[in-house]
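**Q** This is the structure I have questions about; it appears just below.
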Amino acid sequence: MNIDAHTHIGSGRGLDGRKVRGEPEYLMELMDEAGIDRSVALQPRGEFMPGTQEGWKKGNDVNAEVAKKYDRFIPFACVEAGMPGDVEELKRAVKELGLRGLKILPAPWPLIDHPKVFPLMRTCADLGIPVTFHTDFNHHYMSPFRVMNLAERFLEVPMIMAHMGMDPEFVFHFIQRRDVMRAENVYMECSATPGMPYIIKKTCEMLGAKRVMFGSDSPTFNPGLAKLKVELAGLSEGERRLVLGGNIARVLGV
Amino acid sequence: MIIDAHTHVGVRTDIDYMDVSHSPEDQIKLMDECGIDRAVIMLYADPPGTHEGYRRANDRAAEIARNYPRLTGFAQVDPRHPSALEELERAVKKLGLKGVKLYPNHWMFADHPIVFPVVEAAIKLDVPVMIHSDWNNKFATPNKVVRVARLFPEATIIMAHMGRYDPDLIHFIPDVAKEAENVVLECSCTTEHTYLYKKICDLLGAERLVFGSNSPMYHPLLVLRKLKLAGLSREEESLVLGGNIARILKIE
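Chains as they are written, first to last, in my numbering: chain X, 1 to 254; chain P, 255 to 506.
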């Protein structure tokens with residue numbers, strides 16, 4: 001089963017103000033074209049409003065509704081880590097709404113490995129859910145190195161680094177570090193990385209194919225294109241199956 | 255005709271995370287697999303970034319271009335070297351290379367005055383200047399590349415990678431590039447945004463965008479598929495995929 005570990009439902013605006021389509025039906029069309037069975041739905045665009053607990057709730061409610069209607073979506077909750085009410089809303093989203101994981105957005109503060117974030121991570125451990133981090137080497141609040149500090153402290157929480165930190169030159173450095181190789185709860189998810197299939201092959205080599213996940217960041221990025229990158233990486237059939245869905249399925253127990 | 259405006263041939267010796275060894279035969283095979291008719295090649299220099307390395311790379315690029323008419327060689331020079339201009343003239347006039355590639359380097363900003371004579375020489379020799387760009391390299395930001403173009407409006411400046419991978423900063427490229435009409439954007443090493451290429455054609459004109467892959471490290475099929483999904487008109491697509499670079503390089 002092919003699972004896309006990174007999508008967003010919801011229509012909204014891109015960075016340049018452009019309207020972006022995001023109805024669940026449209027995402028499913030893209031999935032069908034790309035041969036993808038299921039998708040992890042992270043915070044819904046235009047529905048999840050950062051800044052207030054009410055804004056988080058709205059996004060989480062929408063994700064729960066969409067997933068109830070279309071079981072091809074695996075819904076994640078979203079809160080701003082370290083902000084007041086984060087633990088409470090995550091518990092509500094998982095226990096009452098049945099969301100399956102947590103996505104963390106870059107907030108203006110605190111830094112992602114700040115002690116204020118620890119209670120949220122402890123909650124993830126208690127609830128037994130994985131956390132997807134938006135990671136970007138060009139954003140010091142969300143640097144993969146800061147996520148590593150959390151990963152070493154909360155070994156029982158699977159931590160998914162969305163975008164692998166983005167810049168391939170940094171990724172190649174990152175995956176050769178011993179601390180990263182040792183951190184078996186850390187997964188690299190390859191959405192929004194450049195057209196370099198080798199980055200996936202090399203990450204599988206350094207960390208093991210069990211720790212690499214396919215993701216597209218659809219509909220901003222075309223999932224067929226993202227999947228083609230995995231197909232061109234020269235993986236063995238076993239590796240390919242793990243990357244294209246086996247790993248996220250195992251982590252989520254689906 | 256599909257022309258890949260940015261490829262490399264040879265053995266890359268300056269990185270430890272990837273074995274890059276790509277012969278001319280490998281390049282032709284890759285082009286056949288991807289349906290690419292012609293390609294601009296640059297040879298990996300050894301030692302990298304040096305005058306001697308570039309001299310040998312230029313010789314080899316010319317030799318390959320003679321043996322494989324589908325491949326067009328670009329020269330590379332080190333603007334810091336006292337013989338850089340002589341080498342560029344030799345590469346273009348004697349060896350028949352069709353353009354020059356510059357890598358902004360440590361302390362050598364893309365718009366450092368040390369590169370100006372090379373750009374002036376390229377204008378005289380009537381060849382385009384391709385400049386490596388990368389938002390994550392302070393010496394090579396797209397703004398620096400555009401500044402060179404503004405200082406030398408007669409030069410054709412090809413901005414390789416259009417700032418490279420960053421999926422957020424790439425949105426500023428149309429604004430940055432509109433400051434200089436003689437900047438042509440080459441789209442290798444960018445992320446999977448698709449509509450952005452249509453937007454560039456709408457805002458800047460399809461004459462300003464060229465297909466490039468930076469193979470063998472990056473895969474041309476991903477770039478071709480991306481441009482296919484961008485929703486370009488047939489005319490725009492034909493310019494971007496080959497028409498523009500053919501015009502710049504005077505390829506029939």
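Heads up, the beta-carbon is just placed ideally off N, CA and C, and yes, glycines get one too. As the structure is a computational prediction, the values presented were derived from the model and not from experiment.
What does DSSP give as the partner residue(s) for T326/P in the beta ladder?
**A** In the DSSP output, where bridge partners are listed per residue, T326/P has V294/P.
**Q** I need the straight-line Cα distance from S236/X to C204/X, nearest angstrom please.
**A** 10 Å
**Q** Give me, in chain order, the residues of the same chain whose beta-carbon lies closer than 6 Å to that of R266/P; leave out the 5 immediate sequence neighbours on both sides.
**A** Listed in chain order, the non-local C-beta contacts of R266/P below 6 Å within the same chain comprise V274 and Y298, local neighbours out to five positions each way being set aside.
**Q** Within 9 Å (strictly less), CB to CB, does C227/P reach chain X?
**A** Residue 227/P falls outside the range modelled here, since chain P spans only 255 to 506, and no answer is possible.
**Q** If you measure between the beta carbons of L379/P and L342/P, is that distance less than 9 Å?
**A** yes
**Q** Just to make sure I have the definition right: I need the residues of chain P whose C-beta is within less than 8 Å of the C-beta of G198/X. Which are they?
**A** According to the sequence shown, residue 198/X is Tyr rather than Gly. Within chain P, the residues near Y198/X are M272 and M471.
**Q** Under 9 Å between C-beta atoms, does T448/P make it to chain X?
**A** yes
**Q** By DSSP, does F174/X sit in helix, in strand, or in coil?
**A** DSSP places F174/X in the helix class (H, G or I) of the three-state scheme.
**Q** So, with DSSP's three-state summary, where would you put T135/X?
**A** strand
**Q** K452/P by DSSP, collapsed to three states: which one?
**A** helix
**Q** I want to see whether chain X comes within less than 9 Å of H425/P, judged by CB atoms only; does it?
**A** yes
**Q** Using DSSP bridges, identify the partner residues of K355/P.
**A** In the DSSP output, where bridge partners are listed per residue, K355/P has Q330/P and M384/P.
**Q** Which residues in the same chain as M206/X place their Cβ atom closer than 7 Å to its Cβ, once the five residues preceding and following it in sequence are excluded?
**A** I175, Q176 and M181
**Q** So, at 6 Å on beta carbons, what are the nonlocal neighbours of V186/X in its own chain, with the 5 sequence-adjacent residues on each side left out?
**A** A151 and M159
**Q** What do you get for E239/X, buried or exposed, if any count of 16 or more other CB atoms within 10 angstroms of its CB means buried?
**A** Under a 10 Å Cβ-count criterion, E239/X is classified as buried, with 16 or more other Cβ atoms of the shown protein chains found around its own Cβ.
**Q** In angstroms, rounded to a whole number, what distance separates the CA positions of G85/X and K202/X?
**A** Here the alpha carbon of G85/X sits roughly 40 Å from the alpha carbon of K202/X.
**Q** Going by CA-CA distance only, name the one from V402/P, A409/P, H447/P and A431/P that's closest to D422/P.
**A** Closest option to D422/P, judged by alpha-carbon separation, among V402/P, A409/P, H447/P and A431/P: H447/P.
**Q** Kindly list the residues whose CB is nearer than 6 Å to the CB of D167/X, restricted to its own chain and excluding five residues on each side of it in sequence; keep chain order.
**A** F137
**Q** In or out: H276/P buried (at least 16 other Cβ within 10 Å) or exposed?
**A** With 16 or more other Cβ atoms inside 10 Å of its own Cβ, H276/P counts as buried.
**Q** Under a three-way DSSP split, which group does P75/X fall into?
**A** strand
**Q** Excluding sequence positions up to five away, which residues of its chain have a Cβ less than 6 Å from the Cβ of V251/X?
**A** P130 and P158
**Q** Can you tell which of D456/P, V438/P and C443/P has its C-alpha closest to the C-alpha of G496/P?
**A** V438/P
**Q** In chain order, what residues of the same chain lie with their CB nearer than 7 Å to the CB of P44/X, ignoring the 5 residues before and after it?
**A** H8, I9, G10, G59, V62 and N63
**Q** Could you tell me the boundaries of the alpha helix (DSSP H) in which A311/P lies?
**A** H305 to N321
**Q** Name the one or two DSSP bridge partners that H276/P has.
**A** Note: H276/P is bridge-paired with G264/P in the DSSP secondary-structure output.
**Q** Kindly indicate if chain P contains any beta-carbon less than 9 Å away from that of E169/X.
**A** yes
**Q** Take R13/X and list the residues in its own chain whose beta-carbon comes closer than 7 Å to its own, dropping the five residues that flank it on each side.
**A** K19 and V20
**Q** Whose C-alpha, out of Q53/X, F76/X, V87/X and G208/X, is nearest the C-alpha of G101/X?
**A** Per the Cα distances, F76/X.
**Q** Measure the beta-carbon distance from H134/X to L105/X and round it to whole angstroms, keeping in mind my assumption that it falls under 8 Å.
**A** 6 Å
**Q** Got a sec, what are the start and stop residues for the beta strand (DSSP E) M164/X sits in?
**A** M159 to G165
**Q** Strictly below 7 Å CB to CB, what residues from chain X border K479/P?
**A** Correcting the residue type first, residue 479/P is Arg in the shown sequence and not Lys. What R479/P touches in chain X: L225 and L228.
**Q** Within 9 Å (strictly less), CB to CB, does P43/X reach chain P?
**A** At residue 43/X the sequence reads Gln, which differs from the Pro that was named. Chain P, which has no Cβ nearer than 9 Å to the Cβ of Q43/X, makes this no.
**Q** Is T326/P near V294/P, with beta carbons less than 9 Å apart?
**A** yes
**Q** I'd like to know whether the C-beta atoms of G165/X and S191/X end up nearer to each other than 9 Å.
**A** Not closer than 9 Å, so no.
**Q** Could you check whether the segment 399–414 of chain P touches the segment 210–230 of chain X, counting it as contact only if at least three pairs of C-beta atoms, one from each stretch, sit closer than 8 Å?
**A** no
**Q** Buried or exposed, going by whether 16 or more other CB atoms sit within 10 Å of the CB of I385/P?
**A** buried
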